[in-house]
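Asker: The sequence shown begins at 63 in my numbering and counts up by one. Where a beta carbon is used, it is the ideal one built from N, C-alpha and C, also for glycine.
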Amino acid sequence: MDEDFKIKTILLNARGQMTIFFATTILALITFIAFIINIGIFVKAKINLQNAVDAAAFAGASVQARQLSNISYLNWEMRNVYKEWMFKNYVLGNLSLDEISGPSGNPVNYRMEPFGTGGGTVYDGYNVPSVCLDFKSSGSVSVCKKALIPGLPRFARTDVLGMEETMDSFIDALADQKASDCSRRSNINFLTNFIWAYNVVGVPELMDSTIDAPEVAADRMGAFPDAFNLALRIRNLEAQVNKAPYEGVCAGNGPGCQRDIDNIVSSEQSPANERVYKAFYSAFRNLGGQDCGPGNTDELKCTFKLSELAPRLPNLGGPFTLSNLLIPDNTQARRKYFLDLKLMPVNYATFFTLLASTTTDSGIQVTPTGGGGSPISAESTAECVATKVGMPIPGYPLGFVKNPDVLTYYAVKGESEFVGLFNPFNSASIKLTAYAAAKPFGGRVGPMIFDVSHSGGNPSYLLPRAPHFKTSPYVSALDNTNPVDRGGTITTGTDYQEGMPIPGNYGGVGGGFWLKDETTPIGGWIDSASIFFAVPNIPYDYPSGSPTDTSHFAGSSVEIVKPIPLGGSIGTSAGLYNGDVFTKLKSNLAGLSTGATISMEAINDAILSSRAPTLYDAVNYLVPTPETLNQEVGVDSYGIILNETSEKVGTNTVYDMSLYAPLIDSQDPNALYKGTSDLVNILQDYLARQEPAILKYRGSMNVASQLVYQKNFSSRTRANYGLAAAQTISNIGDSTVYDSTDINTIYNSLPGCRSINGKFVWFFTGNSSLVNNSAGDCLAKNTLTNLMQAHWNELNSVQRAYYTGRFSLPDSDVRNRLFSAYRPGEMSDGNPAGEHTNFFSGLRTNMSRNFYSSKFVTLKSVSAGSSADTFNGNFALFSEGVPFNQGSGNTEGTFKNTLIPQELNIDLSQIQH
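1. Could you please give the first and the last residue of the uninterrupted alpha helix (DSSP H) stretch that includes Lys843?
2. Alpha carbon to alpha carbon, how far is Arg297 from Asn392? Give it in angstroms, no decimals.
3. Which parts of the segment 311 to 362 are runs of the alpha helix (DSSP H), unbroken and 4 residues or longer, counting only runs that do not cross its ends?
4. Would you say Gly637 reaches chain C, if we count a Cβ-Cβ gap shorter than 8 angstroms as a contact?
5. Along the chain, where does the beta strand (DSSP E) that runs through Glu621 open and close?
6. Could you check whether Asn251 and Thr470 sit closer than 8 angstroms to each other, using their CB atoms as the reference points?
7. Report the three-state DSSP secondary structure of Leu159 (helix, strand or coil).
8. Taking 7 angstroms as the cut-off, does the CB of Ile88 come closer than this to any heavy atom belonging to the ligand FMN?
9. Leaving out the 5 sequence neighbours to the left and right, which residues in its chain are closer than 6 angstroms to Ala842 when beta-carbon positions are compared?
10. What number of angstroms, rounded off, separates the C-alpha of Asn834 from the C-alpha of Tyr410?
11. Taking the runs of the alpha helix (DSSP H) that are 4 residues or longer, which of them lie wholly in the segment 103 to 179?
12. With 16 other CB atoms within 10 Å as the buried threshold, where does Asn934 fall?
13. Quick one: measure Cβ to Cβ for Ala539 and Trp587, integer angstroms, because I've assumed they're closer than 8 angstroms.
14. What separation, rounded to the nearest whole angstrom, lies between the Cα atoms of Phe615 and Pro521?
15. If you follow the beta strand (DSSP E) that Tyr604 is part of, which residue opens it and which one closes it?
16. Quick one, which of Ala652, Arg673 and Ser672 has its alpha-carbon nearest Glu663's?
17. Along the chain, where does the beta strand (DSSP E) that runs through Tyr865 open and close?
18. Quick one: is Arg396 buried, meaning 16 or more other Cβ sit within 10 Å of its Cβ, or exposed?
19. Fully enclosed by the segment 489 to 541, which beta strand (DSSP E) runs are 3 residues long or longer?
20. Are the segment 360 to 367 and the segment 301 to 312 touching by the rule of at least three beta carbon pairs closer than 8 angstroms?
21. Go ahead and pull the three-state DSSP assignment for Tyr639.
22. Would Asn249 pass as a contact of Phe400 if the rule is Cβ separation under 8 angstroms?
23. For Phe957 and Asp467, which I take to be in contact (beta-carbon distance under 8 angstroms), what is that distance rounded to the nearest angstrom?
24. Do you know offhand how far Phe881's Cα is from Ile756's?
25. Between the Cα of Ser802 and the Cα atoms of Phe825, Ser817 and Val765, which residue gives the shortest distance?
26. Tell me Ile552's beta-bridge partners as DSSP assigns them.
27. Sort out for me which residues DSSP pairs Trp576 with in a bridge.
28. For Asn855, does the count of other Cβ atoms within 10 angstroms reach 16, so buried, or fall short, so exposed?
29. Per DSSP, Tyr717 is paired with what?
30. Between Thr713 and Tyr602, which are expected to be in contact by the criterion C-beta below 8 angstroms, what is the C-beta distance as a whole number of angstroms?
31. Give me the Cα-Cα distance between Pro176 and Gly561, rounded to the nearest whole angstrom.
32. Decide yes or no for the touch test of the segment 737 to 754 against the segment 539 to 558: beta carbon pairs closer than 8 angstroms, at least 3 of them.
33. Would the segment 110 to 130 and the segment 491 to 499 be scored as touching if the rule is three or more Cβ pairs under 8 angstroms?
34. Report the three-state DSSP secondary structure of Asn810 (helix, strand or coil).
35. In the DSSP assignment, find the beta strand (DSSP E) that holds Lys367 and state where it starts and stops.
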């Protein structure tokens with residue numbers, strides 16, 4: 063009994079154990095399954111967050127890419143302004159010369175023909191283009207073709223009672239009139255050169271200062287103000303790229319959101335916020351299909367926060383460095399997180415032809431008819447010797463170059479709270495963090511024409527680029543160390559001789575005017591002793607049509623133009639001195655080859671054609687394209703130019719072009735220039751910084767005017783016929799002033815505004831202390847600042863937000879080569895033409911592009927202290943700081959704006975790439 067009882071008791075006590083066992087097993091299994099599911103949900107959440115952050119990085123980089131493309135298109139427009147200016151100066155301004163209107167030699171000869179008289183040959187020894195217009199040019203009698211307009215003969219005395227005084231008085235009157243006529247022609251040449259450089263269109267006030275200027279392309283904006291406006295627009299776009307990064311951006315209806323994306327956009331309505339807006343919503347919408355709210359409590363999406371990771375700010379120097387020019391003081395735009403554009407301000411001077419009056423003893427010799435008797439010599443009174451006069455364009459904004467030491471990229475951090483099915487930790491949720499980075503690629507702002515690296519040098523200087531010689535087709539130095547006189551003889555003195563270019567280092571004061579070699583700065587903010595000017599030049603296109611052709615380069619960093627003595631040869635060949643390059647430029651002017659009369663319509667068409675893209679443009683710049691061309695070529699992108707006109711210029715198709723490029727925006731809190739007053743302040747500051755260059759020009763012209771005066775005394779009557787000519791150059795006073803022997807007094811004298819010198823100094827500076835306004839000729843409205851202010855005030859809302867112009871598409875192979883930013887090769891499943899073939903459908907798509915694209919990059923490659931290599935499967939980032947062929951271009955250490963994890967309070971130790 064006891065045993066049975068025990069067994070029953072044991073059985074009764076064991077009842078339910080199996081249930082408990084099974085229950086425990088099932089609970090453990092369910093828990094394990096739930097754990098697995100929870101881990102799966104966690105991994106899925108982590109993957110979703112990473113995908114969302116990847117989308118944010120790519121979207122932000124895509125905005126940067128589009129902004130860079132706009133900047134690049136505008137930078138190409140700055141080149142077009144320069145091309146038009148060079149077309150005017152090299153072609154239109156020299157049409158009287160046979161090599162310009164007819165077949166051109168190689169190198170091109172821009173010298174005037176010698177004028178032979180009985181006494182010898184008057185010779186032009188300076189092969190530089192000089193603007194000279196003669197609307198009645200016929201055959202060989204053009205005043206712009208010969209280096210001399212002969213003077214009036216004054217023969218030896220005949221001792222006929224009463225005749226000498228009468229004849230001398232008569233010749234004096236004619237000589238005075240002839241000298242004045244030469245001065246008026248000189249003024250026409252000056253005004254033409256002036257309006258091509260400084261004209262401000264649409265402003266009636268300008269008529270007072272250029273009323274005598276001929277109507278040759280006078281209805282177009284001058285090169286300086288046009289380029290200056292484009293530079294301001296580019297600075298505005300650069301500021302949008304460098305909008306300060308945001309931290310902790312979230313959706314306002316999510317729990318605990320303090321930096322609501324919609325509040326950011328609504329409270330700060332600015333195009334600069336496009337980057338963060340598109341980045342955030344690209345990530346946010348990748349996390350789910352519904353916005354957060356009462357009906358959607360997805361913790362991953364509703365707790366999502368996006369932070370733009372701020373790179374370390376590079377040290378770009380003070381306000382007058384090339385990086386900060388045209389950026390107002392006390393603005394965030396000088397904090398350049400992502401993009402640094404360096405302005406290239408070049409000190410240029412273009413020539414116009416001054417017909418300088420002079421008198422030469424025995425300047426005319428006549429051999430008696432039949433050869434009998436001694437030659438008869440005569441004084442040549444009031445000769446007009448062609449003198450090439452430089453007019454300065456200091457600080458001309460040639461364009462921008464992207465600083466290769468500042469990398470444009472976009473890195474972000476995304477954070478979300480994860481709860482899942484259950485949370486085994488003490489905290490209410492698990493914080494998930496993901497990082498991603500992307501960057502624009504496959505484009506270019508423009509070529510590095512000058513050296514802007516400033517390794518240990520002055521960041522305000524613009525220097526020639528050596529040893530690549532890329533500067534040489536843009537800059538011509540004028541080495542006048544051993545000048546050539548009017549007879550073609552090399553001289554060693556510092557005195558001015560008729561026919562020598564002015565200004566110059568005549569009289570030994572001023573430290574020189576012209577750039578002599580490749581060792582001195584070409585532009586930027588330079589102290590007065592180091593300021594020198596160069597003759598502008600341009601590589602309009604490749605001579606032979608091949609990008610590898612460098613025959614239009616000089617053998618040094620700058621082209622050095624030296625005086626050519628009688629019998630010497632032309633040694634210059636860079637840029638438009640190259641006959642093939644020049645022929646391509648002048649061929650835009652219809653009628654030259656046939657000798658037909660050049661009409662104003664032909665000139666306007668030629669200017670538009672000269673601005674059309676060339677192969678050089680396609681290789682070195684980004685060129686916007688019309689939608690019709692994109693369709694024709696079959697690329698997978700839309701063209702940015704839409705409005706085709708019915709106008710044809712030769713075989714070129716003309717389009718109306720409109721590019722987003724804000725100039726003034728009073729509603730945008732991030733705009734650099736909120737009103738006209740901001741632009742005026744920037745212009746005044748920019749011009750004021752050029753004052754040392756203007757003072758050097760003023761002093762050099764003063765000295766030149768005195769030397770012209772001193773060369774016009776008649777040995778017979780001691781009458782001076784050069785006062786009017788001297789005062790045309792620089793009217794610093796009457797004859798008593800010009801008779802002064804103190805060269806420093808002459809150098810520092812104040813010219814009046816009726817002279818070329820005074821008119822220009824007043825126009826450029828508007829500073830009454832630099833001119834003599836006792837006659838009241840220096841009118842306030844005739845200054846560049848006031849004219850530009852009036853121009854800006856006339857702009858409508860569209861013109862303030864968009865750059866508008868006309869685009870000429872050439873009917874040549876160049877049109878198919880404009881898509882040069884990116885072209886996939888065989889490594890990207892493309893053919894040499896950039897076409898990609900769909901494996902299944904066989905459809906071919908041209909993937910070539912003419913704009914910046916975007917690509918992912920590793921976060922480590924943009925972080926300080928890390929690097930990316932090119933093997934073991936890692937995706938390398940080739941820095942923009944060092945060329946690839948130098949071997950170290952794949953490391954992040956070559957650019958300055960890296961991510962510093964300690965400064966950002968982020969931990970990247972677990973990130974592998």
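Answerer: Judging by the given coordinates:
1. It is not in any alpha helix (DSSP H) - Lys843 carries neither H nor E in the DSSP assignment.
2. Each residue's alpha carbon lies about 15 angstroms from the other.
3. For the segment 311 to 362, whole alpha helix (DSSP H) runs of length 4 or above, ordered along the chain, are 323 to 329 and 336 to 348.
4. Any reference to chain C falls outside this structure, which holds one protein chain only.
5. Glu621: member of the beta strand (DSSP E) spanning Glu621 to Val623, first to last residue.
6. Between Thr470 and Asn251, the C-beta gap is not smaller than 8 angstroms, which leaves the two residues out of contact.
7. In this structure, Leu159 counts as coil in the three-state DSSP scheme.
8. No copy of the ligand FMN appears in this structure; indeed no ligand is present at all.
9. The answer is none, since no qualifying residue turns up.
10. Taking the straight line from one Cα to the other gives about 26 angstroms.
11. Every alpha helix (DSSP H) stretch that sits fully inside the segment 103 to 179 and reaches 4 residues is listed by chain position as 160 to 163.
12. For Asn934, the predicted structure reports a pLDDT of 42, less than 50, and the residue's modelled location is therefore unreliable. A value from the coordinates is still provided. Under the 10 Å beta carbon count, Asn934 is surrounded by fewer than 16 other beta carbons and is classified as exposed.
13. Actually they do not touch by this definition, with Cβ atoms about 20 angstroms apart.
14. Looking at the two C-alpha atoms, the distance is approximately 26 angstroms.
15. Per DSSP, Tyr604 is not a residue of any beta strand (DSSP E), being assigned neither H nor E.
16. If you compare the alpha carbons of Ala652, Arg673 and Ser672 with that of Glu663, the shortest gap goes to Ala652.
17. Residues Tyr864 to Leu871.
18. By the Cβ-count criterion, Arg396 is buried, with 16 or more other Cβ atoms from all chains shown falling within 10 Å of its own Cβ.
19. Annotation note: the segment 489 to 541 contains the following uninterrupted beta strand (DSSP E) runs of length 3 or greater, listed N- to C-terminal: 492 to 503, 523 to 526 and 537 to 540.
20. Yes, since at least three Cβ pairs between the segment 360 to 367 and the segment 301 to 312 fall closer than 8 angstroms, the two stretches touch.
21. Tyr639: helix per DSSP, three-state reduction.
22. No, they are not a contact pair.
23. Beta-carbon to beta-carbon, Phe957 and Asp467 are separated by about 5 angstroms, close enough to satisfy the 8 angstroms threshold.
24. Take the alpha-carbon of Phe881 and the one of Ile756: they are about 42 angstroms apart.
25. Of the candidates Phe825, Ser817 and Val765, the one whose C-alpha sits nearest the C-alpha of Ser802 is Val765.
26. Ile552 pairs with Val546.
27. In DSSP, Trp576 forms a bridge with Phe595.
28. Counting other Cβ atoms within 10 Å of its Cβ, Asn855 stays below 16 and is therefore classed as exposed.
29. In the DSSP output, where bridge partners are listed per residue, Tyr717 has Glu706 and Phe869.
30. The C-beta separation of Thr713 from Tyr602 comes to about 18 angstroms, leaving the pair out of contact by the 8 angstroms criterion.
31. Using only the alpha carbons, I get a separation of about 11 angstroms.
32. No, they do not touch.
33. Output reads yes: the segment 491 to 499 touches the segment 110 to 130.
34. Of the three classes helix, strand and coil, the one that applies to Asn810 here is coil, per DSSP.
35. Lys367 to Glu370 is the extent of the beta strand (DSSP E) around Lys367.
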